[in-house]
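*Asks:* Residue numbers (the numbering used here), protein chains in the order written: chain F, 6 to 531; chain B, 6 to 531. In this text, a Cβ means the ideal position worked out from N, Cα and C, and glycines have one as well. Treat the numbers as computed from the prediction; the structure is a model and nothing was measured. First the structure, which I've put down as structure tokens, then a few questions once you've had a look.
Encoded structure:
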């Protein structure tokens with residue numbers, strides 16, 4: 006009998022109940038399988054994890070915040086302590102650079118995010134208590150008391166991992182059990198993280214089934230699961246096609262889904278900025294578009310360049326940088342194939358090749374620049390917004406600010422939109438003409454900085470209008486806002502004080518900001 | 006040529022562009038048509054109102070908060086000043102009592118709600134500014150910059166009217182244009198409100214197309230409209246069937262919809278409370294279930310009564326009150342027919358008739374009590390949760406607290422759940438056994454009070470888990486939370502201060518609560 010790696014169900018590591026076959030990770034730089042065989046779960050694993058999570062939900066809802074925070078801190082510490090091993094695993098499975106990306110940036114970001122969640126748990130920061138003493142009404146945000154299913158993406162083996170990233174930390178902070186669907190492109194990294202999470206759970210006394218993980222299942226099972234009314238919510242980061250299919254299933258069942266779907270992250274270069282520092286901008290653009298092999302949700306996929314000598318010089322410099330660069334390793338054959346298709350689709354829609362455009366050895370792809378006139382873009386605006394996930398960007402030529410404004414108006418919802426402006430204020434008229442239109446199309450409006458690099462900050466918005474995400478009111482990065490996705494609003498009407506939750510009682514549990522009779526305060530109620 | 010009443014499109018009163026026929030209001034007490042003929046709009050009216058709203062969106066987004074607040078205040082004052090006429094119209098169209106309901110309760114509630122919206126606009130209360138000075142990130146909530154379509158219900162001609170209620174006030178407060186779909190059961194009341202709103206718009210200088218109104222259109226057109234990606238959001242209060250159809254269309258297009266759908270509002274009577282004041286509870290229950298002819302979203306549709314002498318006495322008293330009451334006038338033939346069907350469905354599922362059960366003259370219906378054993382309820386829990394919109398309630402007998410807990414666990418999502426407990430604390434063990442289960446099923450947990458009566462308060466939650474509403478994270482009553490439904494999250498990254506919105510600049514525009522570098526404050530940034 007073949008044995009596969011164990012899944013984490015019901016608080017213990019166990020053999021898959023009904024593996025439908027198996028899969029292995031690959032070294033993307035060689036396109037060769039590595040590591041052990043992981044099971045592809047069937048309905049029995051899904052049902053067992055759902056039942057265990059449902060059972061764990063009540064206990065977890067009633068767990069004191071301090072204990073939840075202790076778990077998050079313990080897990081963060083375990084990740085930091087295990088950094089060597091985690092980085093080695095993730096590097097092998099993703100080909101992302103061990104330094105600085107994995108070790109110096111992504112791993113510390115991941116543990117930092119867990120610690121921020123712990124802090125917000127201790128401060129009750131996500132609970133938004135509102136008290137009306139005259140009306141006898143007290144409201145706050147509370148756990149969903151149901152399992153949260155998290156689908157992790159391929160492109161952040163730590164920071165967006167379904168078992169360690171922002172969706173995970175947010176759902177646990179709100180005291181909901183999490184069932185993590187690891188991404189099959191980095192199963193051993195996910196396994197190691199799940200081991201650390203599980204150990205931290207046991208150490209801090211949380212219900213053991215509060216955290217579960219499956220590696221993989223068929224799409225059809227995933228869609229059926231997304232429509233399971235027993236779910237409290239779904240967090241998803243991934244492709245638009247996959248996300249929209251899950252969203253349709255979840256919507257039908259009334260299950261809230263927070264899906265981050267796709268974005269081309271338009272970057273507008275205003276004439277003054279180009280005149281001031283066109284060469285430096287070409288460097289910034291090249292670095293942003295090719296870092297991590299361009300496999301970021303916030304990759305600059307479209308750059309709008311004004312006509313004229315400065316625009317031409319920028320383009321020449323950028324084309325040279327792209328042309329001279331080595332092919333970049335992508336995560337998987339699927340990513341490579343999708344990128345080939347996307348580039349073909351863009352060319353079919355009218356984009357011209359400036360450099361690159363071809364797949365290479367292993368799962369490599371050449372850094373690629375395409376270009377199109379403003380008029381041609383407007384004529385095929387929908388098709389030319391196809392996301393090319395990888396080191397690819399489309400240059401759109403714009404004769405003037407008015408054309409830029411029209412191009413901005415044609416965009417679908419995006420995570421980010423960037424405007425580069427001159428430091429002397431000479432672009433400010435153009436800014437005022439362009440920014441209001443771009444503003445309504447994007448979750449984060451950026452000045453003079455490339456969109457890659459999503460800071461972990463309470464003022465971050467890693468979200469945006471549909472179809473960049475499923476709902477423009479939410480962010481997947483930046484606590485406490487990201488935690489609120491996994492909560493429900495609950496009001497207490499005429500309920501005696503001793504029967505209320507801690508943060509709604511007269512005595513402030515300690516520094517909690519509350520809206521009491523129209524005034525924000527962290528005082529007790531007399 | 007037949008002339009119908011005018012619609013409000015593009016900032017002016019005009020004939021419907023493509024009326025598909027007409028309808029008239031009815032006096033529900035006589036089942037006779039009254040008042041003028043109102044047009045049933047076609048696609049041309051819809052398209053014209055959409056274009057006008059889209060044109061108005063930019064100007065409205067950029068309107069200073071003070072001017073928005075002035076409009077809301079002016080509209081509120083106009084409603085108060087026109088109370089005699091409004092109450093006469095609404096009474097004629099709905100048969101709701103002029104006093105106290107319409108004049109003393111609902112009309113003042115409506116103008117009060119508009120004034121609260123004005124206050125929250127002046128205070129920037131819904132914008133939630135978050136500033137990270139080190140990270141150069143500043144985030145807040147902003148207008149959707151797209152039209153909001155509001156569907157009003159039949160049961161509140163003022164307070165939930167699509168042109169005057171909480172959805173309207175909330176969407177306008179967030180500086181979004183509103184297209185109101187009036188409810189066809191009170192067109193003349195809606196027309197008068199729209200006249201007052203339009204006058205107030207002109208007086209305060211808001212874009213005239215910021216507020217538009219149609220009276221009626223076919224369901225198929227409504228569904229197509231709900232799926233129009235040009236919409237910013239939809240607010241809906243009404244039937245579950247209608248709301249779910251709109252939700253499916255909106256979900257598919259990625260249009261956020263906030264739908265309040267249905268609720269049976271379970272009321273649990275604990276033994277100590279019944280022993281203490283069973284007769285008074287029967288009175289309270291009867292009053293709550295028959296007030297407004299029982300046509301409330303928060304009507305107590307299911308009452309769980311413990312076995313024993315006190316439970317029997319309560320039931321006898323309640324049955325007597327229901328039996329002795331006059332038939333109640335419903336809003337329309339449709340409401341009457343739906344109620345006949347719902348009562349039949351409940352009886353088919355096993356409910357026994359205690360009293361009432363029949364339709365009467367005009368659109369009347371007898372106050373009706375049904376009953377079922379706890380076991381029979383559990384066997385048909387889904388069918389016995391059918392909402393009977395009107396003066397009807399189902400008594401469920403429960404032998405003990407454990408049975409009550411199981412019944413609570415079987416409930417779908419509801420707006421409210423109520424527990425009556427003894428004032429001496431003798432029911433507290435039962436409370437602790439029952440409340441955690443009921444809590445997760447309802448938006449508002451109530452002690453010792455009937456669920457009808459939704460206070461306008463920042464700590465109110467008029468929302469609840471699916472399928473009582475479309476999303477358990479939102480409320481349609483209670484500002485500023487209700488306003489946030491009609492906003493998008495926007496972050497500014499590295500944007501110079503002079504290019505930021507007012508409430509994100511260093512200088513606090515005046516008393517605005519902001520989260521700055523992890524600390525809540527209304528100070529300026531130095």
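If we cut at 9 angstroms on Cβ distances, does residue 471(B) have a partner in chain F?
*Replies:* yes
*Asks:* State yes or no: is the C-beta of residue 98(B) within less than 9 angstroms of the C-beta of residue 191(B)?
*Replies:* yes
*Asks:* Considering only the beta carbon of each residue, do residue 400(F) and residue 131(F) sit closer than 9 angstroms?
*Replies:* no
*Asks:* For a contact defined as C-beta to C-beta under 7 angstroms, what are the partners of residue 390(F) on chain B?
*Replies:* Chain B residues near residue 390(F): none, gap ~14 angstroms exceeds 7 angstroms.
*Asks:* Taking the C-alpha atoms as reference points, what is the distance between residue 173(F) and residue 415(B)?
*Replies:* When the Cα atoms are used, residue 173(F) and residue 415(B) turn out to be separated by approximately 29 angstroms.
*Asks:* Can we say the segment 488-500 of chain B touches the segment 229-246 of chain B, given the rule of at least three CB pairs closer than 8 angstroms?
*Replies:* yes
*Asks:* When DSSP builds the beta bridges, which residues end up paired with residue 185(B)?
*Replies:* BP columns for residue 185(B) point to 155(B) and 218(B).
*Asks:* For the segment 258-276 of chain B and the segment 304-322 of chain B, state whether three or more C-beta atom pairs, one from each stretch, are separated by less than 8 angstroms.
*Replies:* yes
*Asks:* What does the alpha-carbon distance come out to for the pair residue 327(F) and residue 393(F)?
*Replies:* When rounded, the separation of the alpha-carbon atoms in residue 327(F) and residue 393(F) is 16 angstroms.
*Asks:* Mind listing the chain B neighbours of residue 54(F)? Cutoff is C-beta to C-beta under 7 angstroms, in chain order.
*Replies:* None at all; the shortest Cβ gap to chain B is about 20 angstroms.
*Asks:* Between which two residues does the alpha helix (DSSP H) harbouring residue 62(B) extend?
*Replies:* In this chain, the alpha helix (DSSP H) harbouring residue 62(B) covers 48-66.
*Asks:* Can you tell me which of the three DSSP states residue 454(F) falls into?
*Replies:* coil
*Asks:* Give a yes or no on whether the C-beta atoms belonging to residue 214(F) and residue 58(F) are separated by under 9 angstroms.
*Replies:* yes
*Asks:* Along chain B, in chain order, which residues have C-beta atoms closer than 8 angstroms to that of residue 479(F)?
*Replies:* 494
*Asks:* Write down the C-beta distance between residue 465(F) and residue 142(B) rounded to the nearest angstrom, noting that I regard them as a contact closer than 8 angstroms.
*Replies:* At roughly 6 angstroms, the Cβ-Cβ gap stays under 8 angstroms, so residue 465(F) and residue 142(B) are in contact.
*Asks:* Evaluate residue 5(F) with the Cβ neighbour count: other Cβ atoms within 10 Å of its Cβ, from every protein chain shown; 16 or more gives buried, anything less gives exposed.
*Replies:* Since the first and last residues shown for chain F are 6 and 531, residue 5(F) lies out of range.
*Asks:* Once you ignore the five residues that flank residue 160(B) on each side, which residues in its own chain have a CB closer than 6 angstroms to its CB?
*Replies:* These residues qualify, in order along the chain: 300.
*Asks:* What residues in the segment 162-175 of chain F have a beta carbon less than 8 angstroms from any beta carbon of chain B?
*Replies:* none
*Asks:* Could you tell me whether the Cβ of residue 137(F) comes closer than 9 angstroms to any Cβ of chain B?
*Replies:* yes
*Asks:* Just checking, does the segment 181-190 of chain F make contact with the segment 143-160 of chain F on the three C-beta pairs under 8 angstroms criterion?
*Replies:* yes
*Asks:* Fully enclosed by the segment 214-275 of chain B, which alpha helix (DSSP H) runs are 4 residues long or longer?
*Replies:* 224-231 and 245-258
*Asks:* If you measure beta-carbon to beta-carbon, which residues of the segment 58-75 of chain B are closer than 9 angstroms to chain F?
*Replies:* Considering only beta carbons, the part of the segment 58-75 of chain B lying closer than 9 angstroms to chain F consists of 62, 63, 66 and 67, in chain order.
*Asks:* To the nearest angstrom, how far is it from the Cα of residue 199(F) to the Cα of residue 30(F)?
*Replies:* 17 angstroms
*Asks:* Would you say residue 252(B) reaches chain F, if we count a Cβ-Cβ gap shorter than 9 angstroms as a contact?
*Replies:* yes
*Asks:* Please list, in chain order, all residues of the same chain as residue 330(B) whose beta carbon is under 7 angstroms from its beta carbon, the five residues on each side excluded.
*Replies:* Within the same chain, Cβ atoms closer than 7 angstroms to the Cβ of residue 330(B) are found at 295 and 372, the five residues on either side in sequence being excluded.
*Asks:* Output the boundary residues of the beta strand (DSSP E) element that contains residue 497(B).
*Replies:* 492-498
*Asks:* Quick check: is the beta carbon of residue 350(B) nearer than 9 angstroms to any beta carbon in chain F?
*Replies:* no
*Asks:* Does the Cβ-Cβ distance between residue 421(F) and residue 456(F) come in under 9 angstroms?
*Replies:* yes
*Asks:* Name, going along the chain, the residues of the segment 447-469 of chain B whose beta-carbon falls closer than 7 angstroms to a beta-carbon of chain F.
*Replies:* 448, 449, 450, 451, 452, 453, 454, 460, 462, 463, 464, 465, 466 and 468
*Asks:* For residue 500(F), return the contacting residues in chain B, with the cut-off set at a CB-CB distance below 8 angstroms.
*Replies:* 450, 451 and 452
*Asks:* Give the secondary structure of residue 139(F) by DSSP, where H, G and I count as helix, E and B as strand, and everything else as coil.
*Replies:* Secondary structure of residue 139(F) (DSSP, three-state): coil.
*Asks:* Report the neighbours of residue 475(F) on chain B: residues whose CB is nearer than 8 angstroms to its CB, in chain order.
*Replies:* Scanning chain B for C-beta atoms nearer than 8 angstroms to the C-beta of residue 475(F) yields 259, reported in chain order.
*Asks:* Would you verify that the beta carbon of residue 214(F) is, or is not, closer than 9 angstroms to some beta carbon of chain B?
*Replies:* No, residue 214(F) lies away from the interface with chain B (no Cβ there is under 9 angstroms from its Cβ).
*Asks:* Find out if the Cβ-Cβ distance for the pair residue 91(B), residue 163(B) is shorter than 9 angstroms.
*Replies:* yes
*Asks:* Between the Cα of residue 411(F) and those of 398(F), 380(F), 388(F) and 390(F), spot the shortest distance and give me the residue it belongs to.
*Replies:* From the listed residues 398(F), 380(F), 388(F) and 390(F), the smallest Cα separation to residue 411(F) is found for 380(F).
*Asks:* Kindly say whether residue 419(B), judged by its beta-carbon, lies nearer than 9 angstroms to any beta-carbon of chain F.
*Replies:* no
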